[in-house]
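Counting in UniProt numbering, the sequence shown runs from 1 upward without gaps.
Heads up, the beta-carbon is just placed ideally off N, CA and C, and yes, glycines get one too.
Below is one structure, written out as structure tokens, with a few remarks after it.
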Amino acid sequence: MALVAAPAMADTTVDLPFVGGQAKRLVTGAFPQKGALILQRTRPPLLETPFDVFDHSVFTPNDQFFVRWHWAIIPTEVDVASFRLTVRGHVNQTLTLSLNDILALPQAELVAVNQCSGNSRGYFQPPVPGAQWSNGAMGNARWTGVLLKDVLDRAGVKAGAIQVRFSGMDEPVVPDAPDYMKSLAIDHARDGEVMIAYAMNGQQLPLLNGFPLRLIVPGWYSTYWVKMLSDIEVLDQLDTQFWTKTAYTIPDTPGGNVRPGETGFNLVPISRMLPRSFITNIKEGDAFEIGTSAVARGIAFGGDAGVSRVDFSSDGGTDWREAELGTDHGKYSFRQWQIRFTLPARGKQVLMVRCTSSSGEVQGDTPIWNPSGFMRNVIERTAVVVA
Ligand SMILES: Nc1nc2c(c(=O)[nH]1)N[C@H]1C(S)=C(S)[C@@H](COP(=O)(O)O)O[C@H]1N2
Ligand SMILES: [Mo]
Numbered sequence: 001m002a003l004v005a006a007p008a009m010a011d012t013t014v015d016l017p018f019v020g021g022q023a024k025r026l027v028t029g030a031f032p033q034k035g036a037l038i039l040q041r042t043r044p045p046l047l048e049t050p051f052d053v054f055d056h057s058v059f060t061p062n063d064q065f066f067v068r069w070h071w072a073i074i075p076t077e078v079d080v081a082s083f084r085l086t087v088r089g090h091v092n093q094t095l096t097l098s099l100n101d102i103l104a105l106p107q108a109e110l111v112a113v114n115q116c117s118g119n120s121r122g123y124f125q126p127p128v129p130g131a132q133w134s135n136g137a138m139g140n141a142r143w144t145g146v147l148l149k150d151v152l153d154r155a156g157v158k159a160g161a162i163q164v165r166f167s168g169m170d171e172p173v174v175p176d177a178p179d180y181m182k183s184l185a186i187d188h189a190r191d192g193e194v195m196i197a198y199a200m201n202g203q204q205l206p207l208l209n210g211f212p213l214r215l216i217v218p219g220w221y222s223t224y225w226v227k228m229l230s231d232i233e234v235l236d237q238l239d240t241q242f243w244t245k246t247a248y249t250i251p252d253t254p255g256g257n258v259r260p261g262e263t264g265f266n267l268v269p270i271s272r273m274l275p276r277s278f279i280t281n282i283k284e285g286d287a288f289e290i291g292t293s294a295v296a297r298g299i300a301f302g303g304d305a306g307v308s309r310v311d312f313s314s315d316g317g318t319d320w321r322e323a324e325l326g327t328d329h330g331k332y333s334f335r336q337w338q339i340r341f342t343l344p345a346r347g348k349q350v351l352m353v354r355c356t357s358s359s360g361e362v363q364g365d366t367p368i369w370n371p372s373g374f375m376r377n378v379i380e381r382t383a384v385v386v387a
């Protein structure tokens, strides 16, 4: 498949309300197979979903799904006839699978949120280095493909296997830089949920989201969701490669939370996601008429569990009321919520939304902090003006 240029689209700008001041970014349609996305970096691309997209559907359209790559050498086309996925290492037989071989395996399907560990990093206070994302480094899609377990079973995992390491077709720009790879524990890899996807929302994956194959690790941050997956290696010892051992680690403290400047904590690999929720139809600064009934709606997800309830406050967190939930597309999906409310007092009012997961985790009231700016999941606040 070769890339075709996206249709011409006028560039506009967006203001992201970061703590250190607003960031003006270009909204571009210049990337292949992609529509309007917020441009943070061109090479390698960092493209963010404009937040209003999340108000239209719980499924994030492929052409507005965010994009994140670590290294700039990304194939601009993949030949579907010669493409092969290798499965090797601590297995009975090495496999070299064509896309037709993959398509011949039993089909699996799952709706799941793909969220960057650093989603919302731009709101960390004090600020931390790294991609300055607003809240759009996430998306929800129906993924179709095969179970990783089925592929590993065909190769025959030998006794003593510890981890499985995944690598894609992208490459670092300098030869001694570490190729992007991630590993999962062998039991996780064989849990019957981790998938190798060839389709997203019923279409083949956009190249920038990993065509022709990507790993889906439901409930875990997308650093593990290796794109353009071409190599699977079963390891009989722990992976000591940079991207698993050193990068993408969080403090081994409750919620990955430390005080700014704190030292002396242990680091562990980031893993499962935490519950989050957002208002999608009301923006900071929107005007409301006193005493008039209005509707708030948005999305929530439970992290690595489903959404049990969503509560809404229109008075800065004093009173909370339970919102009505939309269709359940499975525990790893966005879930829509909505509620009717009235604002009884003039002036500034703070709207808040809070998700409780089906495993009983609740979003917290105070933002967490860690030096990498990972795992933000505080209850978000939207101040509106009542007149
Ligand atoms: N091959 C490859 N896969 C990758 C990455 C990468 O740099 N190379 N980045 C990971 C990270 S950190 C994120 S956030 C997601 C982004 O997925 P998306 O671009 O489809 O939204 O891809 C993951 N998979
Ligand atoms: Mo990421």
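Going by C-alpha distance, which of the options is nearest residue i?
i	options	result
Q22	W133, P129 and A72	W133
E171	M228, G347, E324 and D11	M228
F59	N201, P206 and G192	N201
S314	A323, T292, L343 and S293	L343
N209	N257, W369 and P45	P45
R346	L152, V67, V385 and P212	V385
T246	Q237, P254, N266 and A108	N266
F334	L274, V295 and V27	L274
D52	M138, V113 and L110	M138
D79	R88, F18 and L99	L99
D231	R25, Y198 and V87	V87
E48	P61, F66, Q363 and K331	F66
K348	D286, V378 and W320	D286
P367	G255, L235 and A177	G255
I186	L207, D153 and T318	D153
F288	T263, F341 and C116	F341
Tell me which residues share the same chain as residue i and place their Cβ nearer than 6 Å to its Cβ, disregarding the 5 neighbours each side in the sequence.
i	result
G130	G118, R121 and G373
D55	T280 and N281
E322	R309 and D311
R41	none
P75	M169
Using C-beta distances below 8 Å, list every residue in its chain close to residue i, excluding the 5 sequence neighbours before and after it, in chain order.
i	result
P106	V146, L147 and D150
L184	Q163, V164, F166, V194, V217 and Y224
M181	R165, F166, S167, V226, D239, Q241, W243 and T244
L37	V27, T28, G29, F31, L47, E48, T49, P50, Q64, F66 and V67
Ends of the beta strand (DSSP E) at residue i?
i	result
R335	R335 to T342
K348	G347 to S357
A81	No beta strand (DSSP E) holds A81; DSSP gives it neither H nor E.
S277	R276 to I279
G192	Per DSSP, G192 belongs to no beta strand (DSSP E) and is neither H nor E.
T382	R381 to V386
G168	Q163 to G168
R25	A23 to T28
Does the Cβ of residue i have 16 or more other Cβ atoms within 10 Å, making it buried, or fewer, making it exposed?
i	result
K34	buried
P269	buried
A161	buried
N92	exposed
G192	exposed
I290	exposed
D304	buried
residue 395	Residue 395 is absent from the model: the chain starts at 1 and stops at 387.
K24	exposed
R276	buried
S82	exposed
What residue range does the alpha helix (DSSP H) around residue i cover?
i	result
L148	L148 to A155
A189	I186 to A189
CB-CB under 7 Å to residue i, same chain, minus the five flanking residues each way: which ones, in chain order?
i	result
G20	P127
A72	R43, P44 and V173
*Which runs of the beta strand (DSSP E) spanning at least 3 residues fall entirely within the segment 84 to 135, listed in chain order?*
For the segment 84 to 135, whole beta strand (DSSP E) runs of length 3 or above, ordered along the chain, are 85 to 89, 95 to 97 and 108 to 115.
*asked:* What ranges does the beta strand (DSSP E) occupy inside the segment 194 to 267, keeping only unbroken runs of at least 3 residues that lie completely in it?
replied: Correct list: 195 to 200, 214 to 216, 229 to 235 and 249 to 251.
*Ignoring anything shorter than 3 residues or poking outside the segment 287 to 343, list the beta strand (DSSP E) runs there in chain order.*
DSSP assignment within the segment 287 to 343 yields the following whole beta strand (DSSP E) runs of 3 residues or more, N-terminal first: 293 to 301, 307 to 313 and 335 to 342.
*What are the complete beta strand (DSSP E) segments, minimum 3 residues, inside the segment 30 to 66?*
DSSP runs (the beta strand (DSSP E)) wholly in the segment 30 to 66: 37 to 41 and 46 to 48.
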